[in-house]
Each structure stands twice: as C-alpha cells, then as structure tokens.
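Numbering (this note's numbering), first residue to last: 20 to 391.
Encoded structure:
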C-alpha cells in the first residue's frame, strides 16, 4: 500500500481523533521536501532492535530505541485514508503510563555536577567522549494541537526530518531531527557525521574540543563502512550546518553497497559516538550510571524501510507529549576539554527547537486563531 499524502487543512482533524483514541500513526516529512506523508499501520510488531530488518517484504516504518535492551516498534501494512475510516472503537495500545514516574526535569546544578564527574572519568582514561542527555519539562495541555505543532516544525526547519507519531508502549512523540543515520537506494549508501556544536548566535568560536568530538564520529563511520565491505567511499566536509539555534560540524559519507551491507551498517553504527560516546561500550555504561532518566526513543533511530530503499534518522530534537507536559530531550558531547556550564547552555539551546514550536502553538491558541 502506498503512503498517504498528508494535507494539514484536510487531515488534521482526523489526526486529532487518532490521538484522542490512542491509535498508532506517524506523520513525517523528509528534509527539503514539500509533501508530508501519513503511515497508519494495519499491523504492528514489537521486536529487538537488532531484528528490525528481519522478515521485511514491503514498506515499513521503524522506531528503534537508544538502548539495545528495549523493544523496537515496526509499523506494517500502511492503510489508506478510506480504509482507516472503517476502523471502529479505540485502539488497545497504551502510552505506558509508568514512564511518568521516570521522567523528571534535569536541574542545572545536577547536570553540571554530572559533567564535572564525567570530565574526571575522561581524564582518568575511562573513555574519550560521553554524551550526557537532559530532559526539559514544558506545560503542554493541548495535545489535540499536535498536528499544528508538526506544521510549525515543518515550516521552521525545512532541512530536518520532522515527524509526529503515536507509538505503542511509547506514546505520542514529535521531533525535527537534523541527523541522517543511513540512507540506501538499492546501490548508493549515505551517512552523516554530525557532532561538534556551537551557538548559532554570539561570538563562540570553533575550538579543538569541537573538532576532536567531530573527528571521533568521522573515524567511526568510515571504519564501519570499510568493515561492511562498502566500496567507492567518498567523504565530503566538514561543513557547517544550522539546526535551530545551534551550528553543527557535518561530514557526509557516500558509498556503494547492497541491502545486506546496509543492514549490517545500521546494526553496527547504532548508537554512534554522536549520541553515545567513544569507546561505545564504556560510554554506554557511564551513561547508564549518570543519567537519572530513561532515554526511551530519544537518540534511537526511525524511518521508512524496504528491501529497495530506506532512510533512517537519529531521533534528535524530540519530545514525548503527555496530556499535561512535553518532555523535551537534548544532549551534549562531553570530553576532557569540556566546560560544564557551556555544555548545559548547549542542551538548553538544543531544547529550544521543540520549546519554540510549543510556545508558537500556545500563542496561536490564546489568540483564538482559526484551527480546523
């Protein structure tokens, strides 16, 4: 079944009803594309994320978590708008209310203290880089306006992968990710090293810390491409790209490979040093001890997959939308050269991608503007 084109004026009321009834769906818009699409699954599978690509025949949509111990969700058998109209009753899926007790806003002093501890670990040689995430809680009592939030993010961030999805076991999520994990079109592979960040505005300069942080990811992706047996590997960059109020160093990789090599790459690369650290196993263990919240789908990956092509994005600049709050996730790469206060400032700036859109949505409501 072909994906359905999503039109805000025509379908937003329908999506609001899907949210109210807890029916799984995903709206998404690819970077630099005009059209948004809707995938409403006729079938859903929960699998270990390492098995995301097993038994795939037709087009599916994959949501994989950060942790390899958590389940991935696969949407299959995309329904047409007409087929969905015949659905009756509420879905049986829950957003997993137990998460509410696990999600708490990160306090500035706690984050800075954890960064200071990490710097000591790194100077002691326990790792070279660790990504420490934070959660920001914002009041958002208008879940039914989520399609409007999706529209705002699509307009404000044309170069991002923008999505809104209700996902069994995870609830309602929204994001505008600037980072491609891997794309495959039957022969050509493309990936991205996106690491090393400075504020977009102000006089902050690129330093040795940011360059080193970026190089860790570049070396990691290149080695994985070689290990997978890919050929004609090309590296372009680094260049500077803008994502909201942040600038990132970005290096693009292109190569030739087949489906099996592409799958091997996804499995071997996730999570990359851009969201976990170096070495990966040591960084992951430090994260598990340092972070007081589950990452859930933050810094996992998501996207369309088939045997002919796929496009997978790292789940960054995202939030979990509960009936009363938006839980915004953001992270910063910590090295031995990090400044704890600067790292806190970075996660705050990254959270503004979603926070700004939330504020626009609430202003829209207060002004009494028309909404279908």
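Ideal Cβ positions, reconstructed from N, Cα and C, are used throughout, including at glycine.
#1: Please give the ranges of any alpha helix (DSSP H) in the stretch 289-321, keeping only runs that are unbroken, at least 4 residues long and fully inside the region.
#2: Specify whether the stretch 319-327 and the stretch 162-175 touch according to this definition: at least 3 beta carbon pairs, one from each stretch, less than 8 Å apart.
#3: Going by CA-CA distance only, name the one from 284, 250, 270, 255 that's closest to residue 215.
#4: Got a sec, what are the start and stop residues for the alpha helix (DSSP H) residue 239 sits in?
#5: Going by Cα to Cα distance, which pick from 125, 59, 194 is closest to residue 311?
#6: Ordered along the chain, which non-local residues of its own chain (more than five positions away) have a Cβ less than 8 Å from that of residue 294?
#7: What residues are listed by DSSP as bridge partners for residue 330?
#8: Out of curiosity, what's the CA-to-CA distance linking residue 267 and residue 328?
#9: Excluding five sequence neighbours on each side, which residues of the same chain lie with their C-beta closer than 8 Å to the C-beta of residue 243?
#10: Have a look at residue 48 and residue 143 and give me their C-alpha separation to the nearest angstrom.
#11: Mind checking which residues open and close the beta strand (DSSP E) that includes residue 158?
#12: If contact is defined by three or more beta carbon pairs under 8 Å, each pair taking one atom from either stretch, is the stretch 298-313 in contact with the stretch 247-265?
#13: Given a cut-off of 7 Å on the beta-carbon distance, is the pair residue 50 and residue 178 in contact?
#14: Please classify residue 221 as buried or exposed, where buried requires at least 16 neighbouring CB atoms within 10 angstroms.
#15: State the beta-bridge partners of residue 337 as determined by DSSP.
#16: Of the residues 235, 173, 32, 34, which one's Cα is nearest the Cα of residue 302?
#17: At the level of alpha carbons, what is the spacing between residue 191 and residue 123?
#18: Leaving out five residues on either side along the sequence, give the residues of the same chain with a beta carbon under 8 Å from the beta carbon of residue 79.
#19: Out of 73, 88, 29, which has the shortest C-alpha to C-alpha gap to residue 170?
#20: Would you report the Cα separation of residue 35 and residue 161, rounded to the nearest angstrom?
A quick look at the data gives this:
#1: 299-309
#2: In short, these stretches do not touch, since the Cβ pair count stays below three.
#3: In the chain shown, the residue the question calls residue 215 occupies position 196. Ranking the options by Cα distance to residue 215, first place goes to 270.
#4: For the purposes of this step, residue 239 is taken as the residue at position 220 of the chain shown. From DSSP, the alpha helix (DSSP H) with residue 239 extends over 227-246.
#5: In the chain shown, counting from the first residue as 1, residue 311 sits at position 292. If we check each option's Cα against that of residue 311, 125 comes out closest.
#6: Reading the chain shown from its first residue, position 275 is the one you call residue 294. For residue 294, where only same-chain residues beyond five positions count, the Cβ hits under 8 Å are 85, 150, 318, 333, 335, 350.
#7: Residue mapping note: residue 330 aligns to position 311 of the chain shown, counting from 1. 202, 323, per the DSSP bridge assignment.
#8: As a working mapping, residue 267 is identified with position 248 in the chain shown. As a working mapping, residue 328 is identified with position 309 in the chain shown. Taking the straight line from one Cα to the other gives about 27 Å.
#9: On the chain shown, position 224 is the one that residue 243 refers to. The residues are 284, 287, 288.
#10: Position 29 of the chain shown holds residue 48. Position 124 of the chain shown holds residue 143. For residue 48 and residue 143, the distance between alpha carbons rounds to 44 Å.
#11: On the chain shown, residue 158 is found 139 positions in, with the first residue counted as 1. Unbroken beta strand (DSSP E) run through residue 158: 148-158.
#12: no
#13: Here residue 50 refers to the residue found at position 31 of the chain shown. Here residue 178 refers to the residue found at position 159 of the chain shown. Their beta carbons are under 7 Å apart, which means residue 50 touches residue 178 by this criterion.
#14: As a working mapping, residue 221 is identified with position 202 in the chain shown. Classification of residue 221: exposed, given that the 10 Å Cβ count is below 16.
#15: On the chain shown, position 318 is the one that residue 337 refers to. In DSSP, residue 337 forms a bridge with 194, 348.
#16: Locating residue 302 in the chain shown gives position 283, where the first residue counts as 1. It is 235.
#17: Indexing the chain shown from 1 puts residue 191 at position 172. Indexing the chain shown from 1 puts residue 123 at position 104. Going from the Cα of residue 191 to the Cα of residue 123 covers about 17 Å.
#18: Mapped onto the chain shown, residue 79 falls at position 60. Excluding positions up to five away in sequence, the list reads 93, 94, 95, 323, 324, 325.
#19: Numbered from 1 along the chain shown, position 151 holds the residue referred to as residue 170. With distances taken between Cα atoms, residue 170 lies closest to 29.
#20: As a working note, residue 35 is residue 16 in the chain shown. As a working note, residue 161 is residue 142 in the chain shown. Taking the straight line joining both Cα atoms gives about 11 Å.
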